[in-house]
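Peer 1: I'd like to ask some things about the structure below.
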Amino acid sequence: MRLTEQQRQTIREEVANTFGPNASVRLFGSRLDDERRGGDIDLYIEADSTPEELLGQELKLYARLQRRLGERRIDIVVHGQGRPLRPIDRHARESGVAL
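So in this note's numbering, spot 44 of the sequence shown is number 67, and the numbers just go up one at a time.
Below, the structure is given as C-alpha cells:
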C-alpha cells in the first residue's frame, strides 16, 4: 500500500469528521500495488448518509483531503443509505483494503 500511516490516519479522521463515526473507508486501485508508481488515491466510502446529503459530503471531504494531504489526485466513490450497489461499489468492496 503506497500511503504512509500519517496519510491513512488523516483520511480516516476526515472521513469520520465528514460522514460520521460509522462510516467506513477502503483504499482500492493502483495505490494498493507497491510495485507501481504514481496513481491517484481511490477511496471507497460507505456511509449512513441519505442520497441528498452525499454530494455535499463528498465535496467537503475532497476539499479537506486536498488541504491536509496536499494537491493530489483523489477519486472518491461513496455508497450511501438506500442506494443499490453499482459495479464500482462491488469492485471496491472486493479489491479494496480497509483503512
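Idealized CB from N, CA, C, for every residue including glycine.
Predicted model only: the values in this text are computed from it and were never measured.
Going by other Cβ atoms of all chains shown within 10 Å of its Cβ, with 16 needed for buried, is R41 buried or exposed?
Peer 2: In the sequence as presented, Arg is not what sits at residue 41; that position holds Thr. Buried, by the Cβ-count rule.
Peer 1: Any idea if A46 is buried or exposed, counting beta-carbon neighbours within 10 angstroms, 16 or more meaning buried?
Peer 2: With 16 or more other CB atoms across the displayed protein chains lying within 10 angstroms of its CB, A46 is buried.
Peer 1: Here's a check: name, in chain order, each residue in its chain whose Cβ is nearer than 8 Å to the Cβ of L43, leaving out the five neighbours to either side.
Peer 2: For the record, residue 43 in the displayed sequence is Gly; it is not Leu. Cβ within range, chain order: A70, D71 and S72.
Peer 1: Check the C-beta distance from Q30 over to L84 and give it rounded, since I have them as a contact under 8 Å.
Peer 2: Between L84 and Q30 the Cβ distance is about 14 Å, and since that is not below 8 Å, they are no contact.
Peer 1: If I64 and R109 are in contact, beta carbons under 8 Å, what's the gap, nearest whole angstrom?
Peer 2: Contact between I64 and R109 fails: their C-beta atoms lie close to 20 Å from each other, not under 8 Å.
Peer 1: Confirm, please, whether the CB-CB distance from G119 to L50 is below 8 Å.
Peer 2: Their beta carbons are under 8 Å apart, which means L50 touches G119 by this criterion.
Peer 1: Grouping DSSP H, G and I as helix and E and B as strand, with all else coil, what is R87?
Peer 2: helix
Peer 1: Can you say whether G105 is buried or exposed, counting buried as having 16 or more other CB atoms within 10 angstroms of its CB?
Peer 2: Classification for G105: exposed.
Peer 1: Look at L66 and I97 and say whether their C-beta atoms are less than 8 Å apart.
Peer 2: yes
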